[in-house]
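> So in numbering that gives the first Met the number 0, spot 125 of the sequence shown is number 124, and the numbers just go up one at a time.
For reference, the structure I am asking about is given below.
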Amino acid sequence: MKPLRIGLIGYGFMGRAHSNGYRKVNNFFDLEYEPVLKAVCARNQENAKAFAAKWGYESVETDWRKLVEREDIDLIDICTPNNTHAEIAMAAAKAGKMILCEKPLSMNGKEGEQMVKAIEKAGVPNMVWYNYRRVPAVTLAKQLIDEGKLGRIFHYRAKFLQDWTINADLPQGGAGLWRLDLKAAGSGVTGDLLAHCIDTAIWLNGSIDRVSAMTETFIKERKHTLTGKVEKVGIDDACAFLARFSNGSLATFESTRYARGHKALYTFEINGEHASIAWDLHDLHRLQYYDHRDAGIVRGWRSIHVTDGDHPYMGKWWVPGLQIGYEHTFVHQVADFLQGLANKKPASPTFRDALETQYICDAVLKSAKTGRWEKVTKLKSRK
Ligand code: SOE
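The structure is reproduced here in structure tokens:
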């Protein structure tokens, strides 16, 4: 196997999820490449060392610029807050490294364009971690749609609901809570949660042309962890938008961190001419399917337990009936990336694919300000 030497930047929730993916992938998938955990980078050396010891990284760095310049690193994995993605990715591209970037790609479409330009100029393999595409039930939904099982699609409905920011005493800024700080995150639920829904939606149902949105910030001021001062909250705590897909279907999207009782309720439902499908992250190994072509007396919603060997990815895991979960989506994403390297067929979403999601987020946030329907900037295909 060819070694692929990983340099990870950031060691929070996503640093762990990705590291776990690198460690497991060759145990379950037959691949030409093998990730080698070469170095982890974080500003705090003690924390970086503790992380390296726990996950098996060979060395630590405290300055990402040094990591990017190291000759014994092939791939830079960016797991830092959104406002640092562009600078790191562009430096890594210049140094000729492959780049995996945590979602969302960038703070906005303009910044994303610069990143796409830089990595395409450097010609380096790249991918953005939109992991939910790799839940086997979601990949099965894609397969059913592509096979034409649903026929013409009329409706797409998606939601991503959480409840962890309702407490007004929760500060903004710092580890994990940078998601509440506009300067670090770029937006609130739009870039953090709806970006996932949008990525899945455009993968399953094609491009979105126009959107009409509303947003709200329920808690207007929060103490900032870094300054210690009470500061204005600039992010959207909740966002709901209507959308028109290029294929003529209509959509509703909703996300909030104020839905008491819901922790990570990502759901979607798609209604087609012949059939409908529905999926729910809290029950992620099931795909609900209704087919109008079934004989009338047995027609009804079926709950497909996506655990059989011929279901996407499942042949690599246990025996039929035994489930996998959230962490495995990252293993799948690493496997697809490595497969793509071997076949020279880049795994999606590439930076360019993920730029389309940024354009949609931009249009959503703009529409929430103007109160009007806004057109989505069209993604240009690669020259
Ligand atoms: C926010 O709470 C969050 O951790 C997102 O940042 C992730 O992308 C999402 O998958 C789960 O929720």
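Ideal Cβ placement from N, Cα and C applies to all residues, glycine included.
1) Quick check: the Cα distance between W300 and G55, rounded to an integer number of angstroms?
2) Any idea what DSSP makes of N130, helix, strand or coil?
3) Note down the Cα distance separating L286 from R133, rounded to an integer number of angstroms.
4) Considering only C-alpha positions, which residue in the set Y257, F217, T224 and H273 is nearest to E391?
5) Indicate whether R381 and E119 have their beta-carbon atoms separated by less than 9 angstroms.
6) In this structure, does DSSP put K222 in helix, strand or coil?
7) Using 8 angstroms as the cut-off, classify the Cβ of L192 as near or not near the heavy atoms of the ligand SOE, replying yes or no.
8) Compare the C-alpha of G254 against each of A239, F244 and E268 and name the closest.
9) May I have the straight-line CA-CA distance separating K96 from A90, to the nearest angstrom?
10) Looking at the secondary structure, which residues open and close the beta strand (DSSP E) in which H84 lies?
11) Given N107, which residues of its chain have a CB within under 7 angstroms of its CB, disregarding the five upstream and five downstream residues?
12) Which value, in whole angstroms, describes the spacing of the CA atoms of P170 and W317?
13) Going by the beta-carbon positions, is the gap between T214 and D235 smaller than 9 angstroms?
14) Anyone know if the C-beta pair for L340 and E45 falls short of 9 angstroms?
15) If you count every other CB in all the chains shown that lies within 10 Å of the CB of H17, and 16 or more means buried, which is it?
According to the structure data:
1) In this model, W300 and G55 are separated by some 46 angstroms (Cα to Cα).
2) In this structure, N130 counts as helix in the three-state DSSP scheme.
3) About 13 angstroms.
4) As displayed, the chain neither begins before 0 nor continues past 382, which places residue 391 out of reach and without an answer.
5) Judged by beta-carbon spacing, E119 lies within the 9 angstroms limit of R381, meaning their Cβ atoms are closer than that value.
6) Under the three-state reduction of DSSP, K222 is assigned to strand.
7) L192: yes, Cβ under 8 angstroms from the ligand SOE.
8) Reading the sequence as shown, one finds Ser at residue 254 and not Gly. The option with the nearest alpha carbon to S254 is A239.
9) If you take the alpha carbons of K96 and A90, they lie about 9 angstroms apart.
10) Run containing H84: none in the beta strand (DSSP E); it sits in the alpha helix (DSSP H), H84 to K93.
11) So the qualifying residues of the chain are G185, Q357 and D361.
12) Rounded to the nearest angstrom, the two C-alpha atoms are 42 angstroms apart.
13) T214 places its beta carbon less than 9 angstroms from that of D235.
14) The Cβ atoms of L340 and E45 do not sit closer than 9 angstroms to each other.
15) It counts as buried.
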